[in-house]
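Only one structure is covered here, and it is reproduced in the block below.
Numbering (mature numbering (1 follows the signal peptide of the UniProt record, and there is no 0)), first residue to last: -24 to -1, 1 to 500.
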């Protein structure tokens, strides 16, 4: 009798552990493209805003990519991105592509932060000696739009650790403190500084801990307060004093100080997050989302000194032609376009050119694309060569938007949205459009699946819907923006969390049933 009781207890514990492991929580934020209509309306900077689909629009994105690419090269050469304040990054404009709102402290204070997968530190303006203004004409539209549509009580804020009852000091003996040589003493506040040399842009201050307010995405909403370490940004300079990240920056890298790392280390989520990129510049980021069982995957190439989201491409396909060219690339959601180093660039672009059936358009000095074509009046998507990548492990990554369409008063031109690089390969956001991309740091794999970013639980309450007049960063020639909205309707009808929850529920049910049958048979 004693042995049967022990067995029963063991099996019940096993069921409980399995259920807890399976039902991982997912925390979600909405993302907004910096050049989307919604963010343009918020910012109030409509006068000098580049017209979507114009040469100036794509030139602005490409220029930003070029500067960020310099930053990532500097990161890769250092063991820690921010060690001793010696990291220097060639960034002339810190206009990061996506923003979200987060809530910090007790009582909660909301911030509109820029999202960046190329860095690790999360910081907000705090105890300011010099920060971007929180009021003024340039922010009036931001506040109005957020109050009307997203967050009714939103104001651009300054964090004050003395006004938060849950704020904690991070001292120099804390393992999160990377700049101990700047410390005044073992128990003094840990300083940080990040410098962006080319634009005289920097942020500096001290590290603090406080609660980040989260809610679960699946099932009944559960409110969670997670302690995270972040930068109390006391002094900003350069572009941080303007509209570029005026309210903070949210690092998504692999280092231990990043928020995804902290949340997983505390056992709140699986060590994974996903980003969904809509055709209109609005998307979602979900922490703890490991995707679905039917997604494609490829392993990360992890450098222990400075881990990044690096993958291996083994082949490329343009049209029906297979190109045997292997290279590694950063899978970087913070870069607008895709960059390739020779020989990959030449072999892929020249094959695309040989298969293109439209008239070649001479390069325009305002944009970095070499292979552009005049779109004929009867343009059809079938005229544009298809493209896909084969990843390490043999899985295929279909590129739904390999081109951009540029409209002027006199002509319509489309270009292969791949830029020649002399430094490193980057799979940029244009190749990710239409996908839910999963950064699984637990399994050390990248996952992807065609997905509709609007088709997520409770997302219908979000007021910003796809707009037929919008020009996405890259669209298929001849299809226009209507097809982008239409294709979104055809995607999966389940959210990342609901898919995972359904899968977990099924496994748990089967497992529980088998255990129950075994118990009945054994006890009888």
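Think of the CB as a built atom: it goes at the ideal place given N, C-alpha and C, for glycine as much as any other residue. Please read these numbers as outputs of a predicted model, since none were measured by experiment.
Given that a residue counts as buried once 16 or more other Cβ atoms are within 10 Å of its Cβ, and exposed if not, what is residue i?
{"i": "residue 297", "result": "exposed"}
{"i": "residue 336", "result": "exposed"}
{"i": "residue 139", "result": "exposed"}
{"i": "residue 254", "result": "buried"}
{"i": "residue 108", "result": "buried"}
{"i": "residue 222", "result": "buried"}
{"i": "residue 425", "result": "buried"}
{"i": "residue 385", "result": "exposed"}
{"i": "residue 105", "result": "exposed"}
{"i": "residue 279", "result": "exposed"}
{"i": "residue 176", "result": "exposed"}
{"i": "residue 370", "result": "exposed"}
{"i": "residue 157", "result": "exposed"}
{"i": "residue 238", "result": "buried"}
{"i": "residue 260", "result": "buried"}
{"i": "residue 241", "result": "exposed"}
{"i": "residue 192", "result": "buried"}
{"i": "residue 248", "result": "buried"}
{"i": "residue 141", "result": "exposed"}
{"i": "residue 266", "result": "buried"}
{"i": "residue 151", "result": "exposed"}
{"i": "residue 416", "result": "buried"}
{"i": "residue 281", "result": "exposed"}
Thinking residue i and residue j are a contact (beta carbons under 8 Å), I'd like their distance in whole angstroms, please.
{"i": "residue 233", "j": "residue 92", "result": "Rounded, the Cβ-Cβ distance is 13 Å, inconsistent with contact."}
{"i": "residue 393", "j": "residue 345", "result": "7 Å"}
{"i": "residue 520", "j": "residue 198", "result": "In the structure displayed, the chain extends from -24 to 500; residue 520 sits before or after that span and is not available."}
{"i": "residue 212", "j": "residue 101", "result": "7 Å"}
{"i": "residue 414", "j": "residue 250", "result": "5 Å"}
{"i": "residue 178", "j": "residue 170", "result": "6 Å"}
{"i": "residue 189", "j": "residue 302", "result": "Wrong, their Cβ atoms sit about 44 Å apart, outside the cutoff."}
Can you list, in chain order, the residues of its chain whose CB lies under 6 Å from that of residue i, leaving out five sequence neighbours each side?
{"i": "residue 153", "result": "166"}
{"i": "residue 307", "result": "285, 287, 403 and 422"}
{"i": "residue 235", "result": "98 and 204"}
{"i": "residue 162", "result": "148 and 149"}
{"i": "residue 244", "result": "202"}
{"i": "residue 224", "result": "87, 89, 99 and 100"}
If you run the structure through DSSP and keep just helix, strand and coil, what is residue i?
{"i": "residue 349", "result": "strand"}
{"i": "residue 320", "result": "helix"}
{"i": "residue 286", "result": "strand"}
{"i": "residue 408", "result": "helix"}
{"i": "residue 139", "result": "helix"}
{"i": "residue 330", "result": "helix"}
{"i": "residue 508", "result": "The structure shown does not extend to residue 508, since the chain spans only -24 to 500, so no value can be given for it."}
{"i": "residue 342", "result": "coil"}
{"i": "residue 95", "result": "coil"}
{"i": "residue 422", "result": "strand"}
{"i": "residue 325", "result": "helix"}
{"i": "residue -11", "result": "In this predicted model, residue -11 has a pLDDT of only 49, less than 50, meaning its place in the structure is not dependable enough to derive any value."}
{"i": "residue 160", "result": "coil"}
{"i": "residue 306", "result": "strand"}
{"i": "residue 225", "result": "strand"}
{"i": "residue 214", "result": "helix"}
{"i": "residue 88", "result": "strand"}
{"i": "residue 83", "result": "coil"}
{"i": "residue 368", "result": "coil"}
{"i": "residue 376", "result": "coil"}
{"i": "residue 148", "result": "coil"}
{"i": "residue 387", "result": "coil"}
{"i": "residue 299", "result": "strand"}
{"i": "residue 204", "result": "strand"}
{"i": "residue 185", "result": "strand"}
{"i": "residue 311", "result": "coil"}
{"i": "residue 428", "result": "coil"}
{"i": "residue 133", "result": "coil"}
{"i": "residue 176", "result": "coil"}
{"i": "residue 170", "result": "strand"}
{"i": "residue 294", "result": "strand"}
{"i": "residue 400", "result": "coil"}
{"i": "residue 414", "result": "strand"}
{"i": "residue 102", "result": "strand"}
For residue i, which residues in the same chain have their Cβ closer than 7 Å to its Cβ, ignoring the five residues on either side in sequence?
{"i": "residue 387", "result": "350"}
{"i": "residue 347", "result": "325, 328, 329, 391 and 392"}
Going by beta carbon distance, what residues of the same chain come within less than 8 Å of residue i, once the five residues before and after it are set aside?
{"i": "residue 366", "result": "289, 290, 291, 292, 293, 372 and 373"}
{"i": "residue 368", "result": "274, 275, 287, 288, 289 and 290"}
{"i": "residue 339", "result": "345, 346 and 348"}
Threshold first: 4 residues or longer. Then list the alpha helix (DSSP H) segments lying entirely within the stretch 228 to 282, N to C.
235 to 241
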